[in-house]
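Going by the numbering used here, the first residue of the sequence shown is number 244, and it counts up by one from there. Every residue, glycine too, gets a C-beta built ideally from N, C-alpha and C. See below for the structure under consideration.
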Amino acid sequence: MAKKVNPYKDSDQSKKDQVTKMFDTISKEYDGLNRVISFGIDVKWRNKVVKLVGEKNPANILDIATGTGDLAISLTSTSAKEIIGLDISDGMLEVGRQKINNKNLDGIISMVIGDSEDLPFEDNTFDAITVAFGVRNFENLEKGLSEILRVLKPNGIFVILETSVPTNPIYKFGYKTYSKFILPTIGKLFSKDRVAYKYLSESASVFPYGEALNNILRKIGFINVVDKPQTMGVATIYTASKA
Ligand SMILES: C[S@@+](CC[C@H](N)C(=O)[O-])C[C@H]1O[C@@H](n2cnc3c(N)ncnc32)[C@H](O)[C@@H]1O
244 MAKKVNPYKD
254 SDQSKKDQVT
264 KMFDTISKEY
274 DGLNRVISFG
284 IDVKWRNKVV
294 KLVGEKNPAN
304 ILDIATGTGD
314 LAISLTSTSA
324 KEIIGLDISD
334 GMLEVGRQKI
344 NNKNLDGIIS
354 MVIGDSEDLP
364 FEDNTFDAIT
374 VAFGVRNFEN
384 LEKGLSEILR
394 VLKPNGIFVI
404 LETSVPTNPI
414 YKFGYKTYSK
424 FILPTIGKLF
434 SKDRVAYKYL
444 SESASVFPYG
454 EALNNILRKI
464 GFINVVDKPQ
474 TMGVATIYTA
484 SKA
């Protein structure tokens, strides 16, 4: 069971409400700061997700926790004729809607407000489902994953991109130093929400990764679960399917 880390330590609100408020607050700065704190490598990781999904020739894709829609936009290079980006933060979705509109992609991508733990779709709806840097923000990880399994079609592909912790001690030391000291400082200096980037690094350090997350996925009922660590293990791409 993942340790619960909430954005605002003194708040009485649920994790879900706190996460929604935090992403609404940082929505306009999210894309810029994201590129800076990941040195732009996040783009490369998302492209790998697109390649894995594209190989399955999906007709439709659900991108959960789509945020400002970068992954949903990149997924338009696959065969999919319909892509739904779902997120709980209307602030993040609004930034995404603008980008989609500017790229004339409204015909393919729709941005929908919703909760990963109560998905507004029928069983067996999607050929592919993706979540990039979203699962560790779910209030109830297992409920969110069960909902994903429910709406995925049999033989469909589920891909998670999430932060992880390097296993090599030298890389791990560098990663811990960066995420404990440098990342929160960047957040404090440049973000509208001083605690947001502290939450993002704290939640990353306690979230299950590698075999631990594989086992959670298997327990929920996913099959063919594989994890692929990226860039010294600071992020991992997980692929899974449904029987
Ligand atoms: C770190 S951002 C990632 C955004 C985007 N996928 C990306 O790769 O940049 C996490 C997103 O998860 C969303 N989120 C958190 N909990 C959620 C939930 N229960 N249902 C849907 N979206 C959620 C947040 O609103 C936020 O936009």
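DSSP lists no bridge partner for Q261. In this structure, F369 sits near I304, with a CB-CB distance shorter than 8 Å.
Counting other Cβ atoms within 10 Å of its Cβ, V469 stays below 16 and is therefore classed as exposed. For L443, the enclosing alpha helix (DSSP H) starts and ends at A439 to V449. Taken atom to atom, the span from the alpha-carbon of E382 to that of L362 is near 14 Å. Shown here, F381 sits in coil according to DSSP, grouped into three states, outside any helix or strand.
The beta carbons of V378 and P250 sit no closer together than 8 Å. Following the DSSP letters along the chain, one finds L329 inside the beta strand (DSSP E) bounded by residues E325 to D330.
In terms of Cβ geometry, T321 and G339 do not form a close pair [threshold 8 Å]. The three-state secondary structure of L362, taken from DSSP, is coil. Distance from the CA atom of S281 to the CA atom of A302, rounded to whole angstroms, is 31 Å. DSSP, read as helix, strand or coil, puts A308 in coil. When C-beta atoms of the stretch 418-426 are compared with those of the stretch 256-264, fewer than three pairs fall below 8 Å, so the two segments do not count as touching. Taking the Cα positions, A323 is about 44 Å away from D253. Look at F465 here: in three-state DSSP terms it is coil, with no helix or strand label. Set against 7 Å, the gap from the CB of I425 to the closest heavy atom of ligand 1 is not smaller.
Separation of Y442 and S434 (C-alpha to C-alpha, rounded to the nearest whole angstrom) is 13 Å.
The three-state reading of DSSP puts E405 in strand, counting E and B together. S484 is positioned such that its CB atom lies no closer than 8 Å to that of N367. At the C-beta level, L426 and S444 come within 8 Å of one another. DSSP lists I327 as the bridge partner or partners of S353.
In this structure N380 is buried. Its beta-carbon is surrounded by 16 or more other beta-carbon atoms within 10 angstroms.
In this structure, DSSP gives D313 a helical state, which the three-state scheme calls helix.
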